Amino acid sequence: MRGLLCWSALVLLLLAQPWEAQPQFTGPKCHTGPLDLVFVIDSSRSVRPLEFETMRRFLVGLVRSLDVGPNATRVGVIQYSSQVQSVFPLGAFSRREDMERALRTLVPLAQGTMTGLAIQYAMNVAFSVAEGARPPEERVPRVAVIVTDGRPQDRVAEVAAQARARGIEIYAVGVQRADVGSLRAMASPPLDEHVFLVESFDLIQEFGRQFRGRLCAVDPCSLSNHSCQHECVSTLDGPHCRCPDGHDLQPDGRSCRIRDLCNSVDHGCEFQCVSEGLSYRCLCPEGQPLEADGKSCSRCREGHVDLVLLVDGSKSVRPQNFELVKRFVTQIVDFLDVSPEGTRVGLVQFSSRVRTEFPLGRYGTAAELKQAVLAVEYMERGTMTGLALRHMVEHSFSEAQGARPRALNVPRVGLVFTDGRSQDDISVWAARAKEEGIVMYAVGVGKAVEEELREIASEPAELHVSYSPDFSTMTHLLETLKGSICPEEGVGAGTELRSPCDCDSLVEFQGRALGSLESLTHRLAQLTARLEDLESLLAGHK
718 MRGLLCWSAL VLLLLAQPWE AQPQFTGPKC HTGPLDLVFV IDSSRSVRPL
768 EFETMRRFLV GLVRSLDVGP NATRVGVIQY SSQVQSVFPL GAFSRREDME
818 RALRTLVPLA QGTMTGLAIQ YAMNVAFSVA EGARPPEERV PRVAVIVTDG
868 RPQDRVAEVA AQARARGIEI YAVGVQRADV GSLRAMASPP LDEHVFLVES
918 FDLIQEFGRQ FRGRLCAVDP CSLSNHSCQH ECVSTLDGPH CRCPDGHDLQ
968 PDGRSCRIRD LCNSVDHGCE FQCVSEGLSY RCLCPEGQPL EADGKSCSRC
1018 REGHVDLVLL VDGSKSVRPQ NFELVKRFVT QIVDFLDVSP EGTRVGLVQF
1068 SSRVRTEFPL GRYGTAAELK QAVLAVEYME RGTMTGLALR HMVEHSFSEA
1118 QGARPRALNV PRVGLVFTDG RSQDDISVWA ARAKEEGIVM YAVGVGKAVE
1168 EELREIASEP AELHVSYSPD FSTMTHLLET LKGSICPEEG VGAGTELRSP
1218 CDCDSLVEFQ GRALGSLESL THRLAQLTAR LEDLESLLAG HK
């Protein structure tokens, strides 16, 4: 309690000091062009009250030196310790005075040092359009300045790499006790331009001068022969051409053209829209013809399938990859003719236990099916593939769960999706599935075991086993699966449900009946001739 009172007293004392004493960065306002700038401030318990106050003043002084405005520099500030708190987002203020007022009321969190969590928040929230960041297509630079005084208590390298991959330029500023290795893991290359280490908070304004110098370099547009047709915009990574509203920048990076019609109308193309002058047309993936409506792409329409998907929800998959798996499943649904009379789809998730997410007979449209897939919740835990196969054989293809009767001769297809070795035996139920007439496909990702995939799959394995080394690249398997699962291209080719009263069926029956009648007439004529010969022979004996 005494420590908390001491902290409060110090903060009140410091807040009472005149704010005119902020560090001032000499020179005119920094005209950087449009910039989205987010400060990520360490306010853990290791940052002492006087140090935090110095950092606050540094921020106010730096903000005063920037060309702040909706079409210029937008500034956001977040602070973190064991949690992350938004002080103000990018879209909150367009005046420096309002930013200074918000910074004056800032109270330290004084807990742990979860720097990785802060970077994650900056990437997913602080730099989102909803928080005031400009859309990616506007190519406005996104810059994060991380100021910390210690070693992170969580991992930073992976999440920082993800942030950089999304186009966020990261400056890592370490003060006093900061861990240099962590700073280098966070910062953008080249490291000698993005990693700063200062001996104390009192010297942090030195970083401010260097950082401002980088932002406020001579206007790149004025130094280059940019040849922009409409306007040149200076950014941290050089000059860029910009086009007026309603126009798009051409591949040469300089010319402008009236915006692609496909991007300005509700074209309704299922797969791809291509502009052609004042009109447009829809395209489909290779091997999928365009339907009569000129917008939809053809799917598996010849024949019918009962398809059950067994999806690995074990701990090794990880949540973000499970989301990729669900999107992959929805892409499979895209090339199926989902309907009660056409293709029926069921989904089973397995880990240490098995859960039917939805049976074959539940959803009658692709839209309903895809919505249900995306709503599936990740199970985690172990990998009991054998248990999943048993569940599929004993339950998933039962008429009670929507499978059509065997008498209708509808192909039954099972597709197992897994990323690792099963923790139980799969041999008995993999063999049983095939004995039951289920055509089995196995899709492996990452550490999936080839021998297990082959044991699960039907023969030949080359047509029934697919593999991708990474979740993010597994979409290349779609064309292979389409060629295998679609009845007109693979299993079940030529199988169709027809009423005996259909015209084609009647013609076929009539042809077979007439053929049989002609054969019978020919045989009767032969028998009559032999009887006549026999009668003549008997008459001669008399």
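The numbers in my numbering rise by one with no breaks, and the one at position 136 of the sequence shown is 853.
Quick reminder that beta carbons are idealized off the backbone N, C-alpha and C, glycines included.
Computed from a predicted structure; not experimentally measured.
Terminal residues of the continuous beta strand (DSSP E) containing residue i?
i     : result
T1102 : From DSSP, T1102 is part of no beta strand (DSSP E) but of the alpha helix (DSSP H) over 1102-1108.
I836  : No beta strand (DSSP E) holds I836; the alpha helix (DSSP H) holding it covers 832-838.
D759  : 752-759
V801  : 801-805
V792  : 790-797
V1065 : 1061-1067
L914  : 912-915
What residue from the options has the CA that sits closest to residue i's CA?
i     : options                    : result
R959  : C945, P968, R868           : C945
R894  : E814, E1040, V864, R859    : V864
G1119 : V1025, A843, G1154         : V1025
F1001 : F844, L1091, K1012         : The sequence given here has Cys at residue 1001, not Phe. The shortest C-alpha separation from C1001 is found at K1012.
M1191 : F1134, I1173, R821, I1143  : F1134
E1153 : R868, E1111, I885          : E1111
V950  : D896, R856, D962           : R856
Q1140 : L1104, V1130, H1108, I1173 : L1104
L826  : V862, S763, E1008, T790    : S763
V1050 : P1177, I758, D1029, E1085  : E1085
A874  : S1189, A902, E1179         : A902
A1117 : F1075, R1138, V1156, I885  : F1075
R1171 : S1144, P858, M1101         : S1144
R971  : V1034, A1165, Q989, H947   : H947
K1032 : A1148, R1061, Y1095, D977  : Y1095
G786  : P806, A1083, P751, A1147   : P751
Q879  : D1029, P961, Y838          : Y838
N1126 : E1040, H1021, V1046        : H1021
S1185 : L1041, L1106, A1092        : L1041
S1056 : L1027, T1047, D1023        : D1023
V755  : G829, E854, A889, T830     : A889
Using a 10 Å radius around the Cβ and a threshold of 16 neighbouring Cβ atoms, would you call residue i buried or exposed?
i     : result
I975  : exposed
H957  : buried
Q1066 : buried
Q800  : exposed
H911  : buried
R872  : exposed
N1038 : buried
T790  : buried
P806  : buried
T1082 : exposed
K1164 : exposed
P961  : exposed
S996  : exposed
Helix, strand or coil: how does DSSP classify residue i here?
i     : result
G898  : helix
D1029 : strand
E1074 : strand
Q1048 : helix
S1253 : helix
Q1037 : helix
E1169 : helix
R1129 : strand
M1157 : strand
F1134 : strand
E948  : strand
D962  : coil
V1022 : coil
V1042 : helix
Along the alpha helix (DSSP H) that carries residue i, what are the first and last residues, could you check?
i     : result
V1182 : Per DSSP, V1182 belongs to no alpha helix (DSSP H); it is in the beta strand (DSSP E), 1182-1185.
Q1088 : 1083-1091
T771  : 766-781
L820  : 813-821
R1149 : 1144-1152
task = Kindly provide the ranges of any beta strand (DSSP E) runs that are 3 or more residues long and lie completely inside the stretch 966-998, ordered along the chain.
result = 973-975, 989-993
inquiry  = Could you tell me which whole beta strand (DSSP E) segments of length 3 or greater appear in the stretch 826-896?
reply    = 859-865, 885-892
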